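Undergrad:
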Amino acid sequence: MEEVIKIRGSRRLNGTVRISGSKNSTVALIPAAVLGSEPVTIYGVPKISDVDALIELLRELGVEVTQPDEETLIIDPRNMEDRPLVSDAVTKLRASYYFMGALLGKYGKVLIRMPGGCNLGKRPIDLHLKGFELLGATVSYPEEHEDCTLLVAPEGGLKGTDIFLDIPSVGATINIMMAAVFAKGRTIIGNAAKEPEIIDIATMLNRMGANIYGMGTDRLVIEGGHPLKGCTHEIIPDRIEAATYLLIAAAMADDMEITNVIPAHLTGILSKLEEIGIKTDHTNDSIHIYGNDPHKVLKPTDIITKPYPGFATDVQQPFTALLTRSGGRSTVTEEIYAARFKHLPELEKMGANAHQEGATGIIVGPTPLHGAVVTATDLRCGAALVIAGLMADGETEIHEIKHIDRGYDNLDGKLRALGADIRREIV
Ligand code: EPZ
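In this text, residue positions in the sequence shown follow my numbering: the first is 17, and each later residue adds one.
(1) The beta strand (DSSP E) with Ser156 in it runs from where to where?
(2) Can you find at least 3 beta carbon pairs, one from the segment 191 to 205 and one from the segment 164 to 178, that sit closer than 8 Å?
(3) Beta strand (DSSP E) containing Leu29: first to last residue?
(4) Could you tell me the alpha carbon to alpha carbon distance between Ala337 and His359, rounded to whole angstroms?
(5) What are the boundary residues of the alpha helix (DSSP H) that includes Lys146?
(6) Distance check for Gln372 and Met224, CA to CA, integer angstroms please.
(7) Pull up the DSSP beta-bridge partners for Ile91, would you.
(8) Touching or not, the segment 412 to 426 and the segment 60 to 72, by the rule of three or more beta carbon pairs under 8 Å?
(9) Taking the beta carbon of Arg235 as the centre, do at least 16 other beta carbons fall within 10 Å, making it buried, or is it exposed?
(10) For Leu143, which of Pro184, Ala266 and Val389 has the nearest alpha-carbon?
(11) So which of Gly377, Phe327, Arg341 and Ala355 has the shortest CA-CA distance to Thr347?
(12) So, with DSSP's three-state summary, where would you put Asp98?
(13) With three or more beta-carbon pairs closer than 8 Å as the criterion, would you say the segment 258 to 267 touches the segment 214 to 222?
(14) Provide the residue(s) that pair with Ala269 in DSSP beta bridges, ordered along the chain.
(15) Could you check what DSSP says for Ile403 in three-state terms: helix, strand or coil?
(16) Regarding Leu143 and the ligand MN, is the C-beta to nearest heavy atom distance less than 7 Å?
(17) Give me the residue from His415, Tyr113, Ala436 and His419 with the minimum Cα distance to Ile442.
(18) Between which two residues does the beta strand (DSSP E) containing Thr412 stretch?
(19) Taking the continuous beta strand (DSSP E) assigned at Asn227, which residues delimit it?
(20) Please classify Ala370: does DSSP put it in a helix, a strand, or coil?
(21) Are three or more beta carbon pairs between the segment 109 to 120 and the segment 134 to 153 nearer than 8 Å?
(22) Would you mind listing the beta strand (DSSP E) stretches within the segment 199 to 247 that are 3+ residues and don't spill past its ends, in chain order?
(23) Which of the three DSSP states, helix, strand or coil, is assigned to Arg396?
(24) Please say whether Thr391 and Asn369 have beta carbons closer to each other than 8 Å?
(25) Are the segment 48 to 60 and the segment 17 to 26 touching, with three or more C-beta to C-beta distances below 8 Å?
(26) Nearest to Met407 by alpha carbon, out of Pro325, Asn207, Arg356 and Lys312?
(27) Consider the C-beta atom of Leu150 and the heavy atoms of the ligand EPZ; say whether any pair is separated by less than 7 Å.
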């Protein structure tokens with residue numbers, strides 16, 4: 017038995033949808049919240065399964081977690097204990113690796129199992145480990161603990177230093193930042209990632225008493241050694257969820273308002289939508305798609321994924337579903353991940369003319385889509401299939417929806433409110 021999503025497509029959507037808190041901020045803010053000596057309250061928490069997995073890990077460490085309401089977490093580290101993180105929960109998501117930087121910093125050592133996460137090809141953590149070693153930690157792989165990494169700070173603790181990242185890795189930037197907060201002296205991370213989520217985590221750490229500046233630039237500076245307290249923090253909106261609803265609106269709405277967004281986080285996506293013929297307007301916290309004709313043939317385009325503020329890799333998969341409505345040959349070149357095209361064969365089952373040539377996906381349209389039984393191979397493939405299902409003629413059945421539930425808060429509920437015929441069923 018399996019829970020699937022079923023969509024009867026070709027229905028016009030309209031109305032207003034509110035974006036939830038950023039998954040990619042939340043999964044770092046939760047480990048960061050234990051770095052201080054007092055409780056941290058986080059507002060705007062999305063209802064996604066990655067959060068449940070992280071709360072399970074916090075409780076394994078003796079951290080008290082309460083949820084006064086659906087979108088608020090109170091994380092109280094006052095009875096927290098220094099324990100190894102070796103349970104299966106660690107393998108449920110990639111972001112469990114943030115406990116490396118957090119616990120190495122807080123306790124001076126950590127034994128942790130290797131993380132899980134979406135299958136997007138090889139996803140090493142060499143840059144994270146390089147950063148920890150440069151801060152003075154030793155990295156080893158104890159034989160008695162299979163598939164685990166042991167990080168130990170030197171006598172006297174971690175020491176601030178200059179670190180240059182070969183790749184502006186989001187995860188490495190955040191993980192090293194969390195450890196560097198405890199390192200004595202100044203740490204400079206060169207070629208740091210500039211994603212809005214980095215700013216969000218640094219902002220909360222500064223509210224806890226850290227001294228971090230340069231966030232959002234490629235030179236991130238952490239003056240370490242300041243004791244951290246508690247704080248309250250509101251998570252930034254999820255720019256990838258917002259992009260997903262922009263694409264849903266472009267595909268199926270005449271008129272849709274997307275609220276609780278930061279348009280400045282979406283310039284790469286908005287400019288591409290305008291290029292293919294989608295009109296949008298925005299205020300400082302909402303985006304409006306209007307006068308759209310879901311049957312209009314769109315223009316083709318070429319997308320190259322880049323680190324922020326370039327076109328976000330997480331958006332190329334759902335964008336591909338919309339490109340089936342472009343007249344001509346569009347390309348999507350993936351410069352961040354080696355294997356992020358598993359959605360193409362699934363879209364082809366629905367009538368798309370889409371294939372991969374090396375690091376580039378090629379979509380030739382316009383092709384009408386029809387319902388089919390398809391599989392979400394990863395989180396954003398799932399998003400692409402939902403969009404295609406909304407566009408398709410007939411019914412689409414999506415399997416492996418656990419991937420979708422990792423990163424989208426109440427996707428089917430939000431879409432039903434916009435007029436979609438979408439439901440979950442056990443098959
Ligand atoms: C974060 O992953 C996001 N996940 C990803 O979103 C997102 O696609 C990615 O950043 C890029 O924006 C979270 O924030 C939880 P990276 P992360 O380290 O930190 C290579 C989604 O759909 N690399 O910036 O893992 C890596 O293999 C998910 O929400 C190394 O080689 O991404 C990749 O090719 C998917 N060594 C590139 O860098 C390292 O030590 C960028 O990875 C680290 C990364």
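We treat Cβ as the ideally placed atom computed from N, Cα and C, and that holds for glycine.
What you are looking at is a predicted structure, and each value in this text was computed from that prediction instead of being measured.
TA: Short version:
(1) Secondary structure note for Ser156: its beta strand (DSSP E) is the uninterrupted segment Thr154 to Ser156.
(2) yes
(3) Leu29 to Arg34
(4) Rounded to the nearest angstrom, the two C-alpha atoms are 9 Å apart.
(5) First-last of the alpha helix (DSSP H) with Lys146: Asp142 to Leu150.
(6) 46 Å
(7) Val56 and Val81
(8) Result yes; three or more Cβ-Cβ pairs closer than 8 Å.
(9) exposed
(10) Pro184
(11) Gly377
(12) coil
(13) no
(14) Leu29
(15) helix
(16) No copy of the ligand MN occurs in the structure displayed; its ligands are the ligand EPZ alone.
(17) Checked all of His415, Tyr113, Ala436 and His419; the closest Cα to Ile442 is His415.
(18) Glu411 to His415
(19) Asn227 to Tyr229
(20) Of the three classes helix, strand and coil, the one that applies to Ala370 here is strand, per DSSP.
(21) yes
(22) 201 to 206, 227 to 229 and 235 to 240
(23) helix
(24) no
(25) With a cut-off of 8 Å on Cβ pairs, the segment 48 to 60 is not in contact with the segment 17 to 26, counting fewer than three such pairs.
(26) Lys312
(27) no
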